[in-house]
Every structure is written in structure tokens, then in C-alpha cells.
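Student: If you scroll down you'll find the structure; I have some questions about it.
Numbering (my numbering), first residue to last: 21 to 308.
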């Protein structure tokens, strides 16, 4: 498999996997929680890599996912006890955990091979090199970093299909869903587990910063125009795939980091879509 094919596949899978739960996160008003999770997983990643020596082990994934869930549940606990107001809980928690990860990297686990650049922005191009591919019996199955993302995408898609009704009702009328006896809390917690798992699986490719854009921006663009949840999910996938294709092309042409180009393009697409919607609404208002 050529580098171009591997990089394009990895970019596409990463974009789709990150974007899939994004619709529910945006509609629930928890976009910045993704930023908190993406920073909070660093200590778990450092500890996991120190134990296993790789970014692609189940131990690392479990440790990092647990750290992501820690900030979600601690944040919810602080809010339920009214110990903080607004989103101050995230401002208190995730910088502390991120700083802990940095301290671990520079002291106790100084020998852990986790690049600071990878922590911040990932390294999709590096992950697409042939040395990082899965090759069995001479058959090249593509980048090793791609397959955990494929698994997480399939798991998230299956979860959404099974619990679609509960997720939909809880988004638009959570009190009714609780009154109706739906397992809202359990389903929402399950979704957060999958979100944390997605962030961890995409970490080596998109880092702790760009993964936020890949998860939130496509959904934000789709929700500017979609009027049905199912349509928004489908449109989010289309936007994510388009940004992966165009972002990869731009990065290849200008010799830029692919994941950074994808995230920047996501932002540009949102601005253009928001302006187009505003112009359309104004034109519709004048025609009445």
C-alpha cells in the first residue's frame, strides 16, 4: 500500500470515527467537554505507554479512557453538588490532569517515547508510513493506527442504532425521557465511554487539540441545515469525509501536517456554512 493511499485511508477513518458521536455532543451542549477529555487522557497515555512501550496497546487504551471518564464523572459530581458554577469544573480539572501528564513525561517516565508534537497535534503522516503498517503473510492491511479507529467506529455506530430512541428523546426532552422510565443516565454514560475511547484511539493521529475540531466541527456544520437527527448524522459523515479528502489534498500539495490541515479546513467550512445560512435566512426574510 502506497503512502498516499495509507494516509488517505487513515485520514478518512479518523474523521468519520471522531465525527460520529459529535452530533449528540453538540446537541447536548457538551462540546467543550471533549476538550477537557482530550487533555485529561494524557496521564493515562503516559502510564500506559510506560507499561507497554507502545501507543497501540489495550492497556494504554484502558488507562487513558479511564482518565477521560474520570473527568466526566468528577465534573458531573461537582455540578450536582453545586460546588462550582457554569463550566468552571472543566477549567479546574483538565488543566490539572494535563499538567500531571506533562510532569510524568518530564520526570518519572522521562524515557517514555511520546513526542510533545504528537501530544498536541498527533502525527497522521508518521502513522501512515509503511513501517507503521500491519503486514501479515506479505499482505499489507494498512496503518496499525487505523484499525482501532475502525473498531471504535463500528462499536459507536452499533450503540447509536441500538439506543437511538433513548438518545433522541433525551436530547430534546430529557425530563420526559426520565419520566417515561427510559435508561437515560446509563445510555448517556455509555456514550461518554465511547467518546473517551474515540479520543484515546485518535490520539496518536490527531493529538489532544485537533481531535476536538474533528469531533465537533462536522456536526456543527451539519446542524446548521439539518432538521432531523438522522439527517444530521448522515450529513455529519459527509462533511467529515469531505474535510478529510480536501484536507489531505491541501496538506499533500503544500507539505503540511494532514490532521492540522483537516482541522483547519473544518473551521473554514463552518464559517462558510454559517455565513451561507445567514445570507439564506436574510434573503428568505426579504422575500416575504
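In this text, a Cβ means the ideal position worked out from N, Cα and C, and glycines have one as well.
1. I'd like to know whether the C-beta atoms of residue 51 and residue 57 end up nearer to each other than 8 Å.
2. Between which two residues does the beta strand (DSSP E) harbouring residue 162 extend?
3. With DSSP collapsed to three states, give me the class of residue 292.
4. Within a Cβ cutoff of 6 Å, which residues of the same chain sit near residue 161, ignoring the five residues on either side of it in sequence?
5. Any idea what DSSP makes of residue 61, helix, strand or coil?
6. To which residues of the same chain is residue 190 closer than 6 Å at the C-beta, ignoring the five residues directly before and after it?
7. Taking its Cβ as the centre, do 16 or more other Cβ atoms sit within 10 Å of residue 92, making it buried, or is it exposed?
8. Check whether the Cβ atoms of residue 179 and residue 201 sit closer than 8 Å, and answer yes or no.
9. Is the stretch 214–233 touching the stretch 248–258 in the sense that three or more CB pairs, one from each, lie closer than 8 Å?
10. Between which two residues does the beta strand (DSSP E) harbouring residue 154 extend?
11. Helix, strand or coil, according to DSSP, for residue 235 in the structure here?
12. Measuring straight from C-alpha to C-alpha, what distance separates residue 195 and residue 215?
13. Determine the closest residue to residue 238 out of 34, 207 and 21, with distance taken between C-alpha atoms.
14. With residue 127 as the anchor, note down where its alpha helix (DSSP H) starts and where it stops.
15. Between the beta-carbon of residue 290 and the beta-carbon of residue 241, is there less than 8 Å?
16. Cutting at 7 Å between CB atoms, please list the residues of its own chain near residue 259, excluding the five before and the five after it.
17. Going by the CB atoms, is the gap between residue 100 and residue 113 shorter than 8 Å?
18. Assuming residue 169 and residue 279 are in contact, meaning their beta carbons sit under 8 Å apart, how far apart are those beta carbons, in whole angstroms?
19. Taking just the CA atoms, how far does residue 69 sit from residue 43?
20. Considering only residues of the same chain and omitting the five flanking positions on each side of residue 276, which have a CB-CB separation below 8 Å?
21. Going by DSSP in three states, residue 21 sits in which element: helix, strand or coil?
22. Given this structure, state the Cα-to-Cα distance separating residue 299 from residue 116, to the nearest angstrom.
23. Which same chain residues end up closer than 7 Å to residue 166 when comparing Cβ atoms and leaving out the 5 residues on each side of it in sequence?
24. Can you tell me the Cβ-Cβ gap for residue 39 and residue 234, rounded? I've got them flagged as a contact below 8 Å.
25. Assign residue 221 to one of two classes, buried (16 or more other C-beta atoms within 10 Å of its C-beta) or exposed (fewer than that).
Tutor: Once the coordinates are examined:
1. No, the pair does not count as a contact, with Cβ atoms beyond the cut-off.
2. Here the beta strand (DSSP E) through residue 162 covers 159–163.
3. Residue 292 falls in the helix class under three-state DSSP.
4. Within the same chain, and ignoring the five residues on either side of residue 161 in sequence, the residues whose Cβ sits closer than 6 Å to its Cβ are 154.
5. Secondary structure at residue 61: coil, using DSSP grouped into helix, strand and coil.
6. Counting only Cβ-Cβ distances below 6 Å, and skipping sequence neighbours, we find 197 and 204.
7. So residue 92 ends up on the buried side.
8. No, Cβ-Cβ distance for residue 179 and residue 201 is not below 8 Å.
9. Taking 8 Å as the limit for Cβ pairs, the verdict is that the stretch 214–233 does not touch the stretch 248–258.
10. Counting along the chain, the beta strand (DSSP E) containing residue 154 begins and ends at 153–156.
11. Residue 235: helix per DSSP, three-state reduction.
12. The alpha-carbon atoms of residue 195 and residue 215 are separated by roughly 23 Å.
13. Relative to residue 238, the option among 34, 207 and 21 whose CA is nearest is 34.
14. Where residue 127 is concerned, there is no enclosing alpha helix (DSSP H), given that its DSSP letter is neither H nor E.
15. Contact: yes.
16. Closer than 7 Å at Cβ, skipping near neighbours: 238, 241, 242 and 289.
17. With respect to residue 100, residue 113 sits apart: the two C-beta atoms are not nearer than 8 Å.
18. Residue 279 and residue 169 do not touch by the CB rule: their CB atoms are close to 12 Å apart, not below 8 Å.
19. Put simply, the backbone Cα of residue 43 is about 31 Å away from that of residue 69.
20. Closer than 8 Å at Cβ, skipping near neighbours: 270.
21. Three-state DSSP puts residue 21 in coil, outside helix and strand.
22. Rounded to the nearest whole angstrom, the CA to CA distance from residue 299 to residue 116 is 43 Å.
23. Excluding residues within five positions, the ones whose Cβ falls inside 7 Å are 29, 30 and 33.
24. Confirmed, about 7 Å.
25. By the C-beta density criterion, residue 221 is buried, having at least 16 other C-beta atoms within 10 angstroms.
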